[in-house]
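Okay, so here's the structure we're looking at.
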């Protein structure tokens, strides 16, 4: 009987459950779409890498003591002698040896721009005709000399190149015209994930990519049939010199996939965070729906108890309705997630990451997660109103004042919980603000923000009435009777109004936080550039794998009007057991360009040594004169003397400054990633001279301070707009919540609406009344949300001051715009409920009990 009652309840209230179910659909679609997308991309990358070197059993390479981060993209750390190939070929278990010289090689299109732009990597490698590798020439032939190369099929098609074309290739800091003699299909799947891959014969690759005709990056070993990868790797090991290692290809492939999988993990967590916010906001909609439906069906539930149904049976029947909504929403959300994953995959490919077509991957774990999340959120959110509603005594069915028996209170227990949670959240925030340098500070503030949102949500029923009275005070004077009725309706059920407004409060509060942080970060960088950056011009590369060649530095030193050229040579090392990005430059030049000031120790270097930022010295307890162990990417070790402690602006790029002598001794390649210039008198003439000096180096970009500010704003805007797009889900769900609340409220007030119409309220006034009620609810959520968002933004800015966000900037225009957005959301949300209410038959409405 209870199952039939559940099914009849779902059928009878299907329209009322529609918007509730839709919020579940949206949240589950976001969750499942994210899981499907990351699983699909992981499989695509895995199969692509497996198909590229399917014939390779083992790899001989330099030992890698630790992950090299950005440096691995431009610095091979050390190189192997190419004479080792003959020795490896003599190993019984080895069938073929392929010396590999690899690096960065950008191919310029007919417009002079790099193919692929700032997207996927520009790869230069060695071409070998390798049977079984999956890579094969599909047009032309392989390269045979210094002026020839082959290009992957996808890049050749994108650029419109044909075999025989003269093409400009940038490698080793120089550009040269080369003949495209072949086009190849990359791997068994024919995909490079959008990367441009240019391949040369071995001598050309050694000269262009490594700058050394006698060395290589690695040896790829093809084993004899019947031998495992480990057997082949072990067989080659005795021939290796210190600093070399021989590993199975599966191990190397997992290392290659590791950074991509890490990025996918972060990307997935990023998307799932916003999906979680959307589901949390949707839970308020679900709560409101069941609270109102249980209240409206109070007599029905009491009569069920009166004729013999137990409290558990009634509760089970309504919980079954919640379960049905959750299951239906989860199923539709999973289907929507498949479509969303397909759309996001298309967007990824539009960015230039052309993945192999391996089909969408929908795993049992994703299906289980979709239904668990959808049904779990729905049932948990509906539990409290169901539990409260099913406590109605059977005798209440005989009473005329049933509404008073089931009318929800504002919940003083919830208020007490809110009053306890509020200082708890404040304490967490204060703990983070008090010690902003601590690694846990951002997490403390974030946790405090979450507790703060929860506390305000619990207290909202008690603060909504005075806030609405204040915000809607002008309504009666401006909108007369419709304004007064709209205001009064909004405060009739504080818990309902609070739950609806809280949903919007969360979304707009997070938007206000992000807007304020973005404005603060932008303003902080502007202040840093104006007050601390002494350089007049900054030269950077347009790719993280490119470096500034020595030829370009010599040209800059010869520019009239430029009085200081300070190259920033980057590296990576383990310093005192901790991984660190290092920079090497002349302290005198840094003093002029990045406001560096040596506060302890010598003002310059004496031989091999290093300096550290004052914050690092204080944290690690280091004093000038201490010898600190360094481990370098090639596995080499040294103890360098701490010769100074400094303070500097963010433009320093690192907390560790290595002396030029130490850099030359321990870093095998010169990784000049940027150059700071100062001019006698900055002028358009000097800028033009700098541009002219670098016109042969198209990979280099010159910016003055104003252009650097503009670039920073563009980057921040991209990140901020991405977050706004993610938060749109929660705002849409909050809008659905307002629609749902008003629709159920008008159904609850049918007789009242009929009486208002009977005593003279026009349809226009009725629609205006409902619109104003929606606007009041939306404004309540926006005002409280913006206020909380500003508090959290202030706390985060205080914590991030140690990380460069030194100025708090309140974007007044954007925050006022959020209030305007709330009004628009309220008006739009009220359109359908207001139209539906205005179309009611007056006599039938009055006759409704």
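Numbering (the UniProt record's numbering), first residue to last: 1 to 849.
Positions of the beta carbon are idealized from the N, C-alpha and C atoms, including for glycine.
Going by C-alpha positions, residue 314 is about 22 angstroms away from residue 18.
Rounded to whole angstroms, the separation of the alpha carbons of residue 491 and residue 39 is 47 angstroms. In this structure residue 205 does not touch residue 104 by the C-beta definition: roughly 12 angstroms separates them, more than the 8 angstroms allowed.
Nearest in C-alpha terms to residue 669, of all of 48, 29, 210, is 210.
When beta bridges are read from the DSSP output, residue 815 appears opposite no residue. Between the beta-carbon of residue 628 and that of residue 655 there is about 13 angstroms, and that puts the pair past the 8 angstroms contact cut.
Distance from the CA atom of residue 701 to the CA atom of residue 79, rounded to whole angstroms, is 30 angstroms.
Ranked by Cα distance from residue 731, the first of 506, 203, 198, 844 is 506. Residue pairing from DSSP places residue 574 in a beta bridge opposite 579, 631. For residue 453, there is no enclosing beta strand (DSSP E); the residue is found in the alpha helix (DSSP H) stretching over 441 to 471. At least 8 angstroms separates the beta-carbon of residue 671 from that of residue 589. Per DSSP, the unbroken alpha helix (DSSP H) holding residue 348 starts and ends at 311 to 350.
Across the set 611, 54, 594, the C-alpha of 54 shows the shortest separation from the C-alpha of residue 248.
Here residue 284 is actually not in contact with residue 20; their C-beta atoms are around 11 angstroms apart, not less than 8 angstroms.
Between the alpha carbons of residue 649 and residue 354 lies a distance of about 39 angstroms.
In summary, residue 166 is exposed, with fewer than 16 beta-carbon neighbours lying within 10 Å of its beta-carbon over all protein chains present. Annotated as distal: residue 149 and residue 108, with beta-carbon spacing of 8 angstroms or more.
Within 10 angstroms of the beta-carbon of residue 843 lie fewer than 16 other beta-carbons, which makes it exposed.
Contact check between the region 525 to 541 and the region 581 to 601: three or more CB pairs, one atom from each, fall below 8 angstroms, which counts as touching. Its Cα nearest to that of residue 658, the residue 587 stands out among 722, 587, 734, 622. Residue range 587 to 593 is occupied by the alpha helix (DSSP H) that includes residue 587, with no beta strand (DSSP E) assigned at that position. Under the criterion of beta carbons closer than 8 angstroms, residue 574 and residue 610 do not qualify as touching, at roughly 13 angstroms. Annotated three-state conformation of residue 256 is helix, per DSSP.
Residue burial annotation: residue 270 is exposed, with fewer than 16 other C-beta atoms found within 10 angstroms of its C-beta. By the Cβ-count criterion, residue 310 is exposed, with fewer than 16 other Cβ atoms from all chains shown falling within 10 Å of its own Cβ. In its chain, beyond the 5 residues on either side, 538 have a beta carbon closer than 6 angstroms to the beta carbon of residue 703. The continuous stretches of alpha helix (DSSP H) do not include residue 56, and DSSP gives it neither H nor E. Under the three-state reduction of DSSP, residue 530 is assigned to helix. Looking from the CA of residue 776, the closest CA among 468, 217, 381, 151 belongs to 468. The C-alpha of residue 382 is placed about 37 angstroms away from the C-alpha of residue 262.
With a minimum length of 3 residues, the unbroken runs of beta strand (DSSP E) contained wholly in the region 216 to 289 fall at 218 to 223, 244 to 248. With 16 or more other CB atoms across the displayed protein chains lying within 10 angstroms of its CB, residue 219 is buried. Our two residues, residue 339 and residue 372, have alpha carbons roughly 20 angstroms apart in a direct line. The C-beta separation of residue 839 from residue 482 comes to about 17 angstroms, leaving the pair out of contact by the 8 angstroms criterion. In chain order, 475, 476 place their CB closer than 7 angstroms to the CB of residue 484, counting only its own chain and leaving out the 5 sequence neighbours on each side.
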